[in-house]
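According to my numbering, the residues represented by the sequence shown are 11 to 431, in order.
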Amino acid sequence: MTMNLFLIILAVVVVLTYLFTLSVDILNIRHTDPQLPEEFEGYYNPDKYERSQLYLIARTRLKLIYKGIVTLGFLLAFLLGGFNALDQLLRKLVSFPPLAGLLFLGIIGVILELLSLPFTAYYNFVLEERFGFNRMTLKTFIFDQLKSWLMTISIGGSALFGILSMFHFVDPLAWLYNWLVSAFFFVLFSYLAPVIFLPLTFNFEPLQEGELRDTLETYASKEDFPYAGIYSVDASKRTTKANAFFVGFGRLKRIALFDNLINNYTVDEIGSIFAHEVGHNKKKHTLIRLAINFLTMGLSFYLLSLFSIQTTFLFNLFEITTPSVYVGILIFYFLISETPIGFLFSWFSSSLSRHFEYQADAFAIKTYQQPEPYIRALKKLSVHGLSNLTPHPLKIQLDYSHPPMLKRINKIKEVVSEFDK
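Below, the structure is given as structure tokens:
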């Protein structure tokens with residue numbers, strides 16, 4: 011079979027996209043400053059600051075190797091007709107298209123999971139261990155993987171089969187029904203996550219009575235912030251890193267604090283972090299993200315219907331013998347993840363997220379009114395996570411969901427100055 015011009019051009023675009031990603035990461039590494047920023051003196055010693063840069067290099071190298079293998083695998087499978095051959099084989103074995111689609115995407119998913127497994131294990135037990143983060147035992151790792159696979163197969167498989175069946179039986183408005191049903195279940199699972207799904211991985215214990223709990227409850231009451239409870243999460247079984255987050259909606263919303271955070275940060279440091287998270291809620295960031303997700307979901311289903319059912323030109327370009335929704339899903343995933351289209355999504359998502367972080371920081375400063383503990387907390391989080399203090403501007407634009415720490419601290423100081431006027 012002679013390779014068509016489109017696939018040749020696509021191969022060039024995919025390779026150039028990977029080389030661009032590689033170049034950005036190299037620029038990011040070279041942008042590191044061997045001189046510790048004055049703002050972090052007293053928080054980093056020279057050896058630990060150097061380790062933060064070695065940590066960046068190690069993580070970047072592992073990510074690029076994995077990304078390169080996956081990109082090459084997808085590209086070869088399309089160029090050599092591997093995906094088309096798998097599809098034709100399954101069509102001979104299975105007469106019901108939604109089931110054939112479930113098997114098709116399931117087989118590809120299993121291959122990707124098996125490929126990522128050694129990288130995940132290496133990341134946890136070698137890389138994170140080397141830099142003092144990992145506390146996960148092999149037993150915990152295995153059980154986490156098994157639970158993740160079980161949920162993916164049961165929930166993800168059922169959802170995928172339902173989507174494919176809807177497209178099979180309810181053409182041409184299947185995209186609309188899939189959108190509405192998927193949006194409903196997305197909200198439902200988000201609502202139930204605190205009481206059903208997250209406890210499968212983490213142990214949630216009500217925060218003990220004391221100064222910290224009193225401080226958080228008083229602040230939440232002052233800001234009229236509804237929640238179901240404040241919980242300590244046993245994250246120390248897996249990592250030394252600290253975090254805090256909200257999960258769920260309405261009366262089932264839980265405030266989750268990593269035990270690493272509780273054990274290593276002061277009450278006001280944790281209180282200011284908590285105020286930042288409340289800021290996200292008060293500024294409607296969760297609802298805005300939810301609305302964007304719903305619109306993106308609807309657009310994705312419509313385009314999938316348009317290019318998989320109403321026209322076949324995309325399948326002709328990829329030399330797919332029989333057009334189908336499930337192969338369309340694969341093509342869409344490939345185009346978004348392996349071509350410059352993905353950069354547009356990444357840039358928009360990262361830019362919006364950084365804007366939200368600045369807003370939540372300002373809210374925390376104005377309402378909790380403890381800027382110094384908040385700055386200390388951010389510095390400690392940065393040091394404990396060995397984060398890169400001097401990322402390249404292009405890397406920030408494409409990948410950073412949070413502002414770089416030095417810029418973030420300077421912005422907080424500006425807010426404090428304006429607040430004091």
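Even glycine gets a Cβ: it sits at the ideal position worked out from N, Cα and C.
> What's the gap between the Cα of Gln-155 and the Cα of Pro-128?
Replying inline: Against the sequence shown, residue 155 aligns to sequence position 145. Against the sequence shown, residue 128 aligns to sequence position 118. Whole-angstrom Cα-Cα distance: 12 angstroms.
Roughly how many angstroms lie between the CA atoms of Glu-382 and Leu-32, to the nearest whole one? Walking along the sequence shown from the start, residue 382 turns up at place 372. Walking along the sequence shown from the start, residue 32 turns up at place 22. Going by the C-alpha atoms only, they are around 38 angstroms apart.
- Please report how far the alpha carbon of Asn-213 lies from the alpha carbon of Ile-283, in whole angstroms. On the sequence shown, residue 213 is found 203 positions in, with the first residue counted as 1. On the sequence shown, residue 283 is found 273 positions in, with the first residue counted as 1. One C-alpha to the other measures close to 21 angstroms.
>> Please tell me whether, using a cut-off of 7 angstroms, the distance from the CB of Gly-167 to the nearest non-hydrogen atom of the ligand COA is below it.
In response: The model on display carries no ligand, and the ligand COA is accordingly not part of it.
Original post:
For the beta strand (DSSP E) that contains Tyr-241, what are its first and last residues?
Top reply: What you label residue 241 is simply residue 231 of the sequence shown in a count that begins at 1. Note, Tyr-241: beta strand (DSSP E), 239-243.
Would you tell me roughly how many angstroms separate the C-alpha atoms of Leu-309 and Asn-55, rounded to the nearest one?
Position 299 of the sequence shown, counted from the first residue, corresponds to residue 309. Position 45 of the sequence shown, counted from the first residue, corresponds to residue 55. In a straight line, the C-alpha of Leu-309 is about 50 angstroms away from that of Asn-55.
Contact set for Val-180: own chain, Cβ-Cβ below 8 angstroms, skip 5 residues either direction: Translated into positions along the sequence shown, residue 180 becomes position 170. Hits under 8 angstroms: Tyr-187.
* Asked: How would you label Ile-265, buried or exposed, when you count the other beta carbons within 10 angstroms and need 16 or more for buried?
  -> Position 255 of the sequence shown, counting from 1, holds the residue named residue 265. Label assigned to Ile-265: buried.
Kindly list the residues whose CB is nearer than 7 angstroms to the CB of Pro-401, restricted to its own chain and excluding five residues on each side of it in sequence; keep chain order.
What you label residue 401 is simply residue 391 of the sequence shown in a count that begins at 1. Answer for Pro-401: Asn-38, His-41, Tyr-410, Pro-414, listed in chain order.
Considering only C-alpha positions, which residue in the set Gly-166, Ala-285, Leu-190 is nearest to Thr-225? Counting from 1 along the sequence shown, the entry for residue 225 is found at position 215. Per the Cα distances, Ala-285.
Item to complete: Give the straight-line distance between the Cα atoms of Phe-151 and Arg-248, rounded to the nearest whole angstrom.
Response: For the purposes of this step, residue 151 is taken as residue 141 along the sequence shown, with counting starting at 1. For the purposes of this step, residue 248 is taken as residue 238 along the sequence shown, with counting starting at 1. Roughly 9 angstroms separates the two Cα atoms.
Quick check on Tyr-312: does DSSP put it in helix, strand or coil?
As a working mapping, residue 312 is identified with position 302 in the sequence shown. Three-state DSSP puts Tyr-312 in a helix.
Run of the alpha helix (DSSP H) containing Ile-265, from where it starts to where it stops: Position 255 of the sequence shown, counted from the first residue, corresponds to residue 265. Segment 264-268 is the beta strand (DSSP E) holding Ile-265; no alpha helix (DSSP H) there.
- Item | Enclosing beta strand (DSSP E) for Glu-215 [first to last residue] | Here residue 215 refers to the residue found at position 205 of the sequence shown. That run of the beta strand (DSSP E) goes 214-216.
Separation of Ala-301 from Val-182, as counted between CA atoms: Within the sequence shown, the letter at position 172 stands for residue 182. Within the sequence shown, the letter at position 291 stands for residue 301. Reading off the sequence shown, one finds Pro at residue 182, where the question assumed Val. About 24 angstroms.
Practice problem: Flag this pair as yes or no: are the beta carbons of Ser-126 and Leu-396 separated by less than 8 angstroms? | Solution: One-based indexing of the sequence shown puts residue 126 at position 116. One-based indexing of the sequence shown puts residue 396 at position 386. No; because the gap between Cβ atoms is not below 8 angstroms, this pair is not in contact.
message: Looking at the secondary structure, which residues open and close the alpha helix (DSSP H) in which Ala-110 lies?
response: Against the sequence shown, residue 110 aligns to sequence position 100. Unbroken alpha helix (DSSP H) run through Ala-110: 107-132.
Check: So the beta strand (DSSP E) Ala-254 belongs to, where does it begin and stop?
Finding: In the sequence shown, the residue the question calls residue 254 occupies position 244. Ala-254 -> beta strand (DSSP E) spans 254-257.
Quiz prompt | Cβ-based neighbour list, Asp-43, same chain, cut-off 7 angstroms, excluding 5 preceding and 5 following | solution = Here residue 43 corresponds to residue number 33 of the sequence shown, with the count starting at 1. Here the set comprises Thr-400.
Which partner residues does Tyr-54 have in the DSSP bridge list? Counting from one through the sequence shown, the residue named residue 54 turns up at place 44. Glu-51.
In angstroms with no decimal places, state the Cα-to-Cα distance between Leu-174 and Ser-242. Taking the sequence shown and counting its residues from 1, the one referred to as residue 174 is at position 164. Taking the sequence shown and counting its residues from 1, the one referred to as residue 242 is at position 232. So the alpha carbons of these two residues sit roughly 40 angstroms apart.
Query raised in the report: Given Ala-110, which residues of its chain have a CB within under 7 angstroms of its CB, disregarding the five upstream and five downstream residues?
Result: Start at 1 with the first residue of the sequence shown, and residue 110 comes out as number 100. Leu-100, Arg-101, Val-104.
- Item | C-alpha gap between Ile-165 and Val-337, whole angstroms | One-based indexing of the sequence shown puts residue 165 at position 155. One-based indexing of the sequence shown puts residue 337 at position 327. Their Cα atoms are separated by approximately 20 angstroms.
- request: Count the other CB atoms, across all protein chains shown, that sit within 10 Å of the CB of Met-11; report buried if there are 16 or more and exposed otherwise.
  value: Locating residue 11 in the sequence shown gives position 1, counting from the first residue. Below a pLDDT of 50, predicted positions are generally treated as unreliable, and Met-11, at 46, falls in that range; the measurement from the model is reported next regardless. The residue in question, Met-11, is exposed, as its Cβ has fewer than 16 Cβ neighbours within 10 Å.
When the Cα of Thr-377 is compared with those of Asn-326, Val-257, Asp-234, Phe-304, which residue comes out closest? If you number the sequence shown from 1, residue 377 lands on position 367. With distances taken between Cα atoms, Thr-377 lies closest to Asp-234.
Checklist entry - When the Cα atoms are used, what is the spatial distance from Thr-306 to Glu-51? => result Counting from 1 along the sequence shown, the entry for residue 306 is found at position 296. Counting from 1 along the sequence shown, the entry for residue 51 is found at position 41. Approximately 44 angstroms, taken between the alpha carbons.
* From which residue to which residue does the alpha helix (DSSP H) around Arg-145 run? -> Indexing the sequence shown from 1 puts residue 145 at position 135. Segment: none, Arg-145 is in no alpha helix (DSSP H) and carries neither H nor E.
### Message
I believe Val-257 touches Leu-208 by the beta-carbon criterion, under 8 angstroms. Please report the beta-carbon distance rounded to the nearest angstrom.
### Response
Locating residue 257 in the sequence shown gives position 247, counting from the first residue. Locating residue 208 in the sequence shown gives position 198, counting from the first residue. Confirmed, Cβ separation roughly 6 angstroms.
Notebook entry, point to check: Taking the Cβ atom as the reference point for each residue, do Ser-360 and Gln-407 lie within a distance shorter than 8 angstroms?
Noted result: By one-based count along the sequence shown, residue 360 stands at place 350. By one-based count along the sequence shown, residue 407 stands at place 397. Yes, these two residues count as a Cβ contact at 8 angstroms.
Cα-Cα, which of Lys-294, Asn-326, Leu-148 is closest to Gln-369?
Residue numbering aside, residue 369 sits at position 359 when the sequence shown is read from its first letter. Comparing Cα-Cα distances from Gln-369 to each of Lys-294, Asn-326, Leu-148, the minimum goes to Lys-294.
Q | Beta-carbon proximity list for Leu-115, same chain, < 8 angstroms, skipping 5 on both sides | A | Mapped onto the sequence shown, residue 115 falls at position 105. Leu-170, Tyr-336, Ile-339, Leu-340, listed in sequence order.
Assign Thr-211 to one of three DSSP states: helix, strand, or coil.
Position 201 of the sequence shown, counted from the start, is the residue given in the question as residue 211. Here Thr-211 sits in coil by DSSP.
*asked:* Run through the DSSP bridge pairs and tell me what Thr-249 is partnered with.
replied: In the sequence shown, counting from the first residue as 1, residue 249 sits at position 239. DSSP, once it has assigned bridges, lists Asn-144 as partnering Thr-249.
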